[in-house]
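Asks: Note that the numbering used here numbers the sequence shown so that position 23 is 51, with each residue one more than the last.
All C-beta atoms in this analysis are idealised placements derived from N, C-alpha and C, irrespective of residue type, glycine included.
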Amino acid sequence: MNWEKWMEEVDSSKREFARLVGAVTGEVSMHGSASQAINAVASSFDYSGKRNKVVVTEADFPTVVFIWKACLRLGITLEIVPVVEGEIDPASYERYVDDRTLITCIPQVYYQNGFKQDIALIAEMAHKKGSLVFVDAYQALGTEPVDVRQMDIDILVSGNLKYLLGMPGSAYLFVKQELIPRMKPTSTGWFGQENPFAFNIRDFRYAGDARRFDTGTPIVIAAYAAREGMRIINEIGVSRIKPWIDELSRYAIREIEKRGFSTTSPKDIAKKGAVTSIQVPSPQDAEAQLKKRGIIVSARGPVVRLAHHFFVTPEDIDRALDSLEEIVGLKSKG
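This is the structure we're talking about:
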């Protein structure tokens, strides 16, 4: 085993993530999944005081809500901001975030239809109430610009399986440096210690930086893939990727409607991420049929999702929609 080389690769991947979100490496930890990272956060606070409320939304990916629901027995109060016609009015947060709120959870992009939230605006409101701001950037990072300083984000998580061109087994957690000493995760392990290789069970000391959120041995092979995927994104630059994503979104929405399909995605590109949703009679069946044709989409609820990236072309979108027309047409005849 070459621990030094392995940890060098893990640290290198952390540096790429930090570069991507405008953080420093000491504010970043690597995890096997976003769920693990969020569990580390949820296990880090004392909920016995007055400020024990967590605010989530109907646009959050289920794992976020499930983790906080599992914390109900620890004394938290949980409130859910509703989605109305596929979107969340930023003013809605005002009704739920108050002086008892410890954490406000904000999904940057809604996983079902691509609706994008104004993180800085919501963060400003939440901070005025004394709440910490937690952002799930999984559906955005790599296609949407993220700067944790400018957006005033306290905690951010993202996995690498989607737009960061990684593989299963890698996710990264950012925690603002000033906040780290306050957080004492019970979801921990030997890698969360100041000196993991001391092997002294009588000396329990959290690492002074974001390494305290580490648990066991990291998935090193995933760190290699994650580093290279993020390096590609960083070298191209999200500032160059984002305009192309917007152009693809405009094209996809126009073609979807031209062909008689409906989309639940925002028509206003300023409120839309890289996901474009299409309503079809049987999303799971459509996903399976498209996969047989070499076209990868995701079925989510009543829709299938197209996910645009810098390497996607309008011709790719045409091919997917042409195939979907045939599949839906054949299905209706049967």
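1. With a threshold of 16 other CB atoms inside 10 Å of the CB of F202, please say whether the residue is buried or exposed.
2. State the beta-bridge partners of Y279 as determined by DSSP.
3. Do you know offhand how far S326's Cα is from R333's?
4. With respect to the alpha helix (DSSP H) encompassing L160, which residues constitute its N-terminal and C-terminal limits?
5. Does the separation of the CB atoms of V84 and I108 fall below 8 Å?
6. Determine, using beta carbons only, whether L48 and V82 come nearer to each other than 8 Å.
7. Along the chain, where does the beta strand (DSSP E) containing I66 start, and where does it finish?
8. Whole angstroms are fine: how far does the CA of I355 sit from the CA of E200?
9. Measure how close the beta-carbons of G158 and D127 come, nearest whole angstrom, since I'm counting them as under 8 Å.
10. Restricting to runs no shorter than 3 residues, where is the beta strand (DSSP E) found entirely within the region 261-344?
11. Under 8 Å between the Cβ atoms of D180 and H155?
12. Could you check what DSSP says for K212 in three-state terms: helix, strand or coil?
13. Return the bridge partner residues of Q221 from the DSSP annotation.
14. Taking the alpha helix (DSSP H) that L48 falls in, what are its first and last residues?
15. How long is the line joining the alpha carbons of H337 and S293, rounded to whole angstroms?
16. Going by beta-carbon coordinates alone, are A302 and Y191 separated by less than 8 Å?
17. Given A250, which residues of its chain have a CB within under 8 Å of its CB, disregarding the five upstream and five downstream residues?
18. May I ask you to report which of helix, strand or coil DSSP gives K156?
19. Look at the alpha carbon of V176 and the alpha carbon of E122, and state the distance between them as a whole number of angstroms.
20. For the alpha helix (DSSP H) holding F400, just list the boundary residues, first then last.
21. How would you call G288, buried or exposed, if buried means at least 16 neighbouring beta carbons within 10 angstroms?
22. Starting from the C-beta of I115, find all residues in its chain whose C-beta is less than 6 Å away, skip the five residues before and the five after it, and write them out in chain order.
23. My assumption, with CB atoms under 8 Å, is that N262 sits in contact with E37. Please give the rounded CB distance.
24. Measure the alpha-carbon distance for K300 versus V137 and round it to whole angstroms.
25. Rounded to a whole number of angstroms, what is the C-alpha to C-alpha distance between V111 and N228?
26. Rank F89, T105, A165 and T304 by C-alpha distance to the C-alpha of Y75 and give the top, closest one.
27. Hey, would you say R240 sits closer than 8 Å to I208, going by beta carbons?
Replies: Taking the geometry as given:
1. It counts as buried.
2. According to DSSP, Y279 shares a beta bridge with no other residue.
3. For S326 and R333, the distance between alpha carbons rounds to 5 Å.
4. Taken as a continuous stretch (DSSP letters only), L160 belongs to no alpha helix (DSSP H), being part of the beta strand (DSSP E) at L160 to D164.
5. Note that the C-beta distance between V84 and I108 is below 8 Å.
6. Contact: no.
7. Not the beta strand (DSSP E): I66 falls in the alpha helix (DSSP H), residues A62 to A70.
8. Before going further, note that residue 200 is Tyr rather than Glu in the sequence given. Taking the straight line from one Cα to the other gives about 38 Å.
9. Yes, G158 and D127 are in contact; Cβ-Cβ is about 6 Å, under 8 Å.
10. You should have 303-307, 326-328 and 331-335.
11. Yes. Within cutoff.
12. Coil, per DSSP.
13. Partner(s): Y234.
14. Start and end: W31 to V49.
15. So the alpha carbons of these two residues sit roughly 16 Å apart.
16. For A302 and Y191, yes; Cβs fall inside 8 Å.
17. Leaving aside the five residues that flank A250 on each side, the residues in its chain whose CB is nearer than 8 Å to its CB run, in chain order, G60, N188, G194, M195, P196, G197 and S198.
18. In this structure, K156 counts as helix in the three-state DSSP scheme.
19. Each residue's alpha carbon lies about 22 Å from the other.
20. With the chain covering 29 to 362 only, the question about residue 400 has no answer from this structure.
21. Exposed is the label assigned to G288, since fewer than 16 other Cβ atoms lie within 10 Å of its Cβ.
22. It should be pointed out that residue 115 corresponds to Glu in this sequence rather than to Ile. Cβ neighbours of E115 within its own chain (closer than 6 Å, five residues either side excluded): F143.
23. About 16 Å; that fails the 8 Å criterion.
24. Computed Cα separation, rounded: 8 Å.
25. Rounded to whole angstroms, V111 to N228 spans 49 Å at the Cα level.
26. Nearest of F89, T105, A165 and T304 to Y75, Cα basis: T105.
27. In contact: R240 and I208 (Cβ atoms closer than 8 Å).
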